[in-house]
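What follows is a short report on a single structure.
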Amino acid sequence: MKSNKFIKLLSAPYIVWAVGFIIIPLIMVFYYGLSNRDKQFTFEYVLSIAKPEHFKSLYLALLLALVSTIVCILLAYPLALILSGLKSKNEHLVVFIFILPMWMNFLLRTYAWMTLLENNGVINSILNFLHLPNIQIINTPAAIVFGMVYNFLPFMILPLYNSINKIDKNVLNAARDLGANYFQTLFRVIIPLSVPGIISGITMVFVPSLTTFVVSEMLGGGKILLIGNVIEQEFTQNSNWYQGSGLSIVLMLFIIISMVITNIYDKDGEGNTL
Amino acid sequence: MSKHLIDLQNISKSFGNHLVLDEMNLYIRENEFLTLLGPSGCGKTTTLRIIGGFETPDVGRVIFDGEDITNLAPNKRQLNTVFQKYALFTHMTIAENIAFGLKIKKKSKSYIDDKIKYALKLVNLEDYGNRYPDSLSGGQQQRIAIARAIVNEPKVLLLDEPLGALDLKLRQDMQYELIRLKKELGITFIYVTHDQEEALTMSDTIVVMNQGYIQQIGTPEMIYNEPENAFVADFIGDSNIISSTMIQDKLVEILGVKFPCVDTGFGENKPVDVVIRPEDVEMINLLDDYENEMASAASSEDSWKKYGRIQGVVTHIIFKGVHYEMEVMANGFEWLVHSTQMFPVGQKVGINVDPFNIQIMNKPASEDEEAAPIEE
Chain A
1318 MKSNKFIKLL
1328 SAPYIVWAVG
1338 FIIIPLIMVF
1348 YYGLSNRDKQ
1358 FTFEYVLSIA
1368 KPEHFKSLYL
1378 ALLLALVSTI
1388 VCILLAYPLA
1398 LILSGLKSKN
1408 EHLVVFIFIL
1418 PMWMNFLLRT
1428 YAWMTLLENN
1438 GVINSILNFL
1448 HLPNIQIINT
1458 PAAIVFGMVY
1468 NFLPFMILPL
1478 YNSINKIDKN
1488 VLNAARDLGA
1498 NYFQTLFRVI
1508 IPLSVPGIIS
1518 GITMVFVPSL
1528 TTFVVSEMLG
1538 GGKILLIGNV
1548 IEQEFTQNSN
1558 WYQGSGLSIV
1568 LMLFIIISMV
1578 ITNIYDKDGE
1588 GNTL
Chain B
7 MSKHLIDLQN
17 ISKSFGNHLV
27 LDEMNLYIRE
37 NEFLTLLGPS
47 GCGKTTTLRI
57 IGGFETPDVG
67 RVIFDGEDIT
77 NLAPNKRQLN
87 TVFQKYALFT
97 HMTIAENIAF
107 GLKIKKKSKS
117 YIDDKIKYAL
127 KLVNLEDYGN
137 RYPDSLSGGQ
147 QQRIAIARAI
157 VNEPKVLLLD
167 EPLGALDLKL
177 RQDMQYELIR
187 LKKELGITFI
197 YVTHDQEEAL
207 TMSDTIVVMN
217 QGYIQQIGTP
227 EMIYNEPENA
237 FVADFIGDSN
247 IISSTMIQDK
257 LVEILGVKFP
267 CVDTGFGENK
277 PVDVVIRPED
287 VEMINLLDDY
297 ENEMASAASS
307 EDSWKKYGRI
317 QGVVTHIIFK
327 GVHYEMEVMA
337 NGFEWLVHST
347 QMFPVGQKVG
357 INVDPFNIQI
367 MNKPASEDEE
377 AAPIEE
């Protein structure tokens, strides 16, 4: 069983990593979240989500994440359909172009949107030049949705594209053969068969949108507080690790729920293709 | 014979620089079981896809029941296809799969239910309506694919190598099943396969294709017994194809020996190809010193009855169950012979062929008719 031992040895670096950077921090979050400064066990900070200011930020985060996810689906699905219909030669190039932003730094991409959306930004300059009325979009929830959609769209396109592309072309031909027109084929065959991809895409956009604080801080001008911003402020400005951890546990609950839903539907592991 | 249901007129199709079909003309009669047979890449599937509407020909017309349907979308055509590897809707139950076409056509619920019941009974899968395709075997899935197509009452059923993914025993069972279905439904079947045995078993008409050209059209008996060229002879079953000379009507010289035959009209001293099926080669046991015996015996007209027209030696033998497959070296040609009688390796034999079993073919006129290597 020498080889067996060797394989176990190979996994050692990962185990060290997982313990040091995943398990221990998780234990610390639970420790801080479920205790107070007097080191007593309490649900106080977890339940503080019911406070109006916390609840409002959670509600807003859920709402914006939901809107972003829906916008991403509406943008990505037609695109994924078109991509999967392309001839193989161009297909990979076009997919690559749409995935390209993923390789750039997240902060840089969000800064770019600041420059675009600012009151004296690129978009308004162009509108000025054309003598059109300016738009006031920076520091509004709409700007945050823009940022989220832009940043997370590739994570929606890829699983959708993969799941649509995996459908046997003859299955689509069969639908046509049985009398279905293009839209009937789309709604009765393509969309139902791509549900695993849709679910994966939703998770991969919804979870990061729900937890982000960078996008909302930069494009919301610090005025719009999402649950991520509240948690960040508790850790950095208020140095209240107990409060931050308590709210993190609540947020974690929502993430776990969406992961469970994904695992039920995504049996083929579409989400693992990234 | 009944009227033409489908007429393919002058069809050409290429993909990129590759010409797949070249000026193909073919008609299909009502109620016919027509098989397009050929090696992969011969254009048979493309022909089927053109009839189904999944490809448009570059040139030519498709006439269906008197109407030009060349550019009609597949969902508007009165025919249905059974695809290779079944192409069932995996997110639907068997009953929903079968109902798909009928629901699109907005048939009433009771009509659809009756049809599902009828179709499942027809393919002997009555209790499978609520199951999902993944839980069925390959053969069962294939029968569902057929059921899904025929509930729409097509005038023509197109079948694209439907048995290709099944194992041998199941394939044979399904062949009988298909013949039965064809009889019960009374509709036209157009069947694509590369399996010559499948084609011979089921078809009324076989269309042998190679490299985008039709090589021969005929009944299974005609295709097997009277192949028009070396490609057809070689593709349909085993055969001895020997380059020979037609001396005159009813006399052909094969490997330097004159054989009487029944063909006429090839001209005199004309090079031809001769096809002799391995089961038509008759062999006579010869003694080791038959040469001396033959020399001493007065060479009478009838000596071929005793010694054969050509003499050779058995070089290989394989037992095949029903018969022995042997190779015999005679006059520089390796003869393939099928016989229920066993001739051991090294046995000297005489070879005769009945005049009726010598099939004379013209040499291929162009390269296109040349027998191409079969990649399977």
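From first to last, the protein sequence lines are chains A and B.
When we follow my numbering, the leftmost residue of the first sequence carries the number 1318, and every step to the right adds one.
When we follow my numbering, the leftmost residue of the second sequence carries the number 7, and every step to the right adds one.
We put the CB at the ideal spot given by N, CA and C, even for glycine.
Assuming contact is defined by CB atoms lying nearer than 8 Å, are Val65 (chain B) and Ile17 (chain B) in contact in what I supplied?
Within the second sequence, the letter at position 59 stands for residue 65 (chain B). Within the second sequence, the letter at position 11 stands for residue 17 (chain B). Yes, the Cβ-Cβ distance between Val65 (chain B) and Ile17 (chain B) is below 8 Å.
If you measure from the beta carbon of Gln84 (chain B) to each beta carbon in chain A, is any gap under 8 Å?
Locating residue 84 (chain B) in the second sequence gives position 78, where the first residue counts as 1. With a threshold of 8 Å between beta carbons, Gln84 (chain B) makes no contact with chain A.
Taking 6 Å as the limit between beta carbons, can you name the residues of its chain near Arg154 (chain B), skipping five residues before and five after?
Translated into the one-based positions of the second sequence, residue 154 (chain B) becomes position 148. Once the five neighbours on either side are set aside, the close Cβ partners of Arg154 (chain B) are Asn103 and Ile104.
Quick check on the DSSP output: the beta strand (DSSP E) that includes Glu29 (chain B) runs from which residue to which?
Numbered from its first residue, the second sequence carries residue 29 (chain B) at position 23. His24 to Arg35 is the span of the beta strand (DSSP E), which, as asked, contains Glu29 (chain B).
Contact list for Gln1550 (chain A) against chain B, beta-carbon separation under 9 Å
Mapped onto the first sequence, residue 1550 (chain A) falls at position 233. Within chain B, no residue comes near Gln1550 (chain A); the closest Cβ sits about 46 Å away, beyond 9 Å.
Under the three-state reduction of DSSP, which class applies to Glu183 (chain B): helix, strand or coil?
Here the question's residue 183 (chain B) lines up with position 177 in the second sequence. Helix.
Cross-strand partners of Glu383 (chain B) (DSSP beta bridge):
No answer is possible for residue 383 (chain B): it lies beyond the span of chain B, which begins at 7 and ends at 382.
Below 7 Å CB to CB, which residues in the same chain sit around Thr1502 (chain A) once its five sequence neighbours on both sides are set aside?
For this step, residue 1502 (chain A) is matched to residue 185 along the first sequence. Hits under 7 Å: Leu1489, Ala1492 and Arg1493.
Selected residue, minimal CA-CA separation from Met335 (chain B), among B:Phe265, B:Leu32 and B:His322
For the purposes of this step, residue 335 (chain B) is taken as the residue at position 329 of the second sequence. Of the listed residues, the one whose Cα sits closest to Met335 (chain B) is B:His322.
Count the CB pairs spanning the region 1527-1545 of chain A and the region 1377-1391 of chain A that are closer than 8 Å, and state whether there are at least three.
By the C-beta criterion, the region 1527-1545 of chain A is judged to be in contact with the region 1377-1391 of chain A, since at least 3 inter-stretch pairs fall below 8 Å.
Can you list, in chain order, the residues of its chain with a C-beta nearer than 8 Å to that of Met367 (chain B)? Leave out the 5 residues immediately preceding and following it.
Along the second sequence, one-based indexing puts residue 367 (chain B) at 361. If we look at Met367 (chain B) and ignore the five residues flanking it on each side, its Cβ neighbours are Pro233, Glu234, Asn235, Ala236, Ala239, Val278, Asp279, Val280 and Val281.
Whole angstroms are fine: how far does the CA of Asp173 (chain B) sit from the CA of Thr1386 (chain A)?
Start at 1 with the first residue of the first sequence, and residue 1386 (chain A) comes out as number 69. Start at 1 with the first residue of the second sequence, and residue 173 (chain B) comes out as number 167. So the alpha carbons of these two residues sit roughly 47 Å apart.
Assuming Ile366 (chain B) is part of the beta strand (DSSP E), what are its boundary residues?
In the second sequence, residue 366 (chain B) corresponds to position 360, counting from 1. Ile366 (chain B) -> beta strand (DSSP E) spans Gln365 to Asn368.
For chain A, find out if any of its Cβ atoms is closer than 8 Å to the Cβ of Thr87 (chain B); answer yes or no.
Looking up residue 87 (chain B) in the second sequence gives position 81. By this cut-off, Thr87 (chain B) is an interface position.
Apart from the five residues just before and just after Phe89 (chain B), which ones in its own chain have a Cβ nearer than 6 Å to its Cβ?
Position 83 of the second sequence, counted from the start, is the residue given in the question as residue 89 (chain B). These residues qualify, in order along the chain: Asp166.
Would Pro1525 (chain A) pass as a contact of Phe1469 (chain A) if the rule is Cβ separation under 8 Å?
Here residue 1525 (chain A) corresponds to residue number 208 of the first sequence, with the count starting at 1. Here residue 1469 (chain A) corresponds to residue number 152 of the first sequence, with the count starting at 1. Contact: yes.
For Ser1374 (chain A), three-class secondary structure by DSSP
Walking along the first sequence from the start, residue 1374 (chain A) turns up at place 57. In this structure, Ser1374 (chain A) counts as helix in the three-state DSSP scheme.
Can you have a look at Pro394 (chain B) and say buried or exposed, based on whether 16 or more other CB atoms are within 10 angstroms of its CB?
This structure does not reach residue 394 (chain B), given that chain B is present from 7 up to 382, and the question cannot be answered.
Ends of the beta strand (DSSP E) at Phe195 (chain B)?
Stepping through the second sequence from its first residue, residue 195 (chain B) is reached at position 189. Here the beta strand (DSSP E) through Phe195 (chain B) covers Thr194 to Thr199.
Just verifying my parser: in three-state terms, what is the DSSP assignment at Glu307 (chain B)?
In the second sequence, residue 307 (chain B) corresponds to position 301, counting from 1. DSSP places Glu307 (chain B) in coil when its eight states are reduced to three.
Is the closest heavy atom of the ligand ADP to the C-beta of Gly44 (chain B) under 7 Å?
Only the bare structure without any ligand can be found here, which leaves the ligand ADP out of the picture.
Would you kindly work out how many angstroms separate the C-alpha atoms of Val26 (chain B) and Cys48 (chain B), rounded to a whole number?
Taking the second sequence and counting its residues from 1, one reaches residue 26 (chain B) at position 20. Taking the second sequence and counting its residues from 1, one reaches residue 48 (chain B) at position 42. Spanning the two alpha carbons is a distance of roughly 7 Å.
Can you tell me whether Pro139 (chain B) is buried or exposed, with buried defined as 16 or more other CB within 10 angstroms of its CB?
Stepping through the second sequence from its first residue, residue 139 (chain B) is reached at position 133. Classification of Pro139 (chain B): buried, given that the 10 Å Cβ count is 16 or more.
Since I believe Val319 (chain B) is in contact with Gly352 (chain B) (beta carbons under 8 Å), could you give me their beta-carbon distance rounded to a whole number of angstroms?
Here residue 352 (chain B) is taken as the residue at index 346 of the second sequence, counted from 1. Here residue 319 (chain B) is taken as the residue at index 313 of the second sequence, counted from 1. Between Val319 (chain B) and Gly352 (chain B) the Cβ distance is about 7 Å, and since that is below 8 Å, they are a contact.
Is there a Cβ from chain A that is less than 8 Å from the Cβ of Val26 (chain B)?
Reading the second sequence from its first residue, position 20 is the one you call residue 26 (chain B). So no, Val26 (chain B) is outside the interface.
Are the Cβ atoms of Phe1415 (chain A) and Pro1476 (chain A) separated by less than 8 Å?
To locate residue 1415 (chain A), count along the first sequence from 1; it is residue 98. To locate residue 1476 (chain A), count along the first sequence from 1; it is residue 159. Result no, Cβ atoms of Phe1415 (chain A) and Pro1476 (chain A) do not sit closer than 8 Å.
Please confirm if Asn158 (chain B) has its CB atom under 8 Å from at least one CB of chain A.
Translated into positions along the second sequence, residue 158 (chain B) becomes position 152. Cβ-Cβ to chain A under 8 Å: yes for Asn158 (chain B).
Going along chain B, which residues have a C-beta under 7 Å from Met1509 (chain A)?
For the purposes of this step, residue 1509 (chain A) is taken as residue 192 along the first sequence, with counting starting at 1. The sequence shown places Pro at residue 1509 (chain A), not Met. Identification of chain B residues near Pro1509 (chain A) by a Cβ-Cβ cut-off of 7 Å yields His97, ordered along the chain.
If you measure from the beta carbon of Gly1496 (chain A) to each beta carbon in chain B, is any gap under 8 Å?
As a working note, residue 1496 (chain A) is residue 179 in the first sequence. At least one chain B Cβ lies under 8 Å of Gly1496 (chain A).
In chain A, which residues lie less than 7 Å from Ile110 (chain B) when you measure between Cβ atoms?
As a first step, residue 110 (chain B) must be located in the second sequence, where it is residue number 104. Those within 7 Å of Ile110 (chain B) in chain A are Leu1495, Gly1496, Ala1497 and Gln1501.
For Leu1591 (chain A), does the count of other Cβ atoms within 10 angstroms reach 16, so buried, or fall short, so exposed?
For this step, residue 1591 (chain A) is matched to residue 274 along the first sequence. Any reading at Leu1591 (chain A) needs caution, since the residue's pLDDT is 38, under 50, leaving its predicted position unreliable; the model's value is listed next. That one is exposed.
At which residues does the alpha helix (DSSP H) containing Arg1426 (chain A) begin and terminate?
Position 109 of the first sequence, counted from the start, is the residue given in the question as residue 1426 (chain A). Its alpha helix (DSSP H) spans residues Phe1423 to Leu1434.
Going by beta carbon distance, what residues of the same chain come within less than 8 Å of Lys121 (chain B), once the five residues before and after it are set aside?
Here residue 121 (chain B) is taken as the residue at index 115 of the second sequence, counted from 1. Cβ within range, chain order: Ile104, Ala105, Leu108, Lys113 and Val157.
On a CA-only basis, which of A:Trp1334, A:Tyr1362, A:Val1532 and A:Val1466 is nearest Val1346 (chain A)? Give me that one, please.
The residue you call residue 1346 (chain A) lines up with position 29 of the first sequence. The shortest C-alpha separation from Val1346 (chain A) is found at A:Tyr1362.
Any idea which residues DSSP pairs Glu288 (chain B) with across the strands?
What you label residue 288 (chain B) is simply residue 282 of the second sequence in a count that begins at 1. Its beta-bridge partners are B:Asn358.
Nearest neighbour of Ser1562 (chain A), chosen from A:Phe1360, A:Val1333 and A:Phe1323 [CA to CA]:
The count along the first sequence starts at 1 and reaches residue 1562 (chain A) at position 245. Nearest option by C-alpha distance: A:Phe1360.
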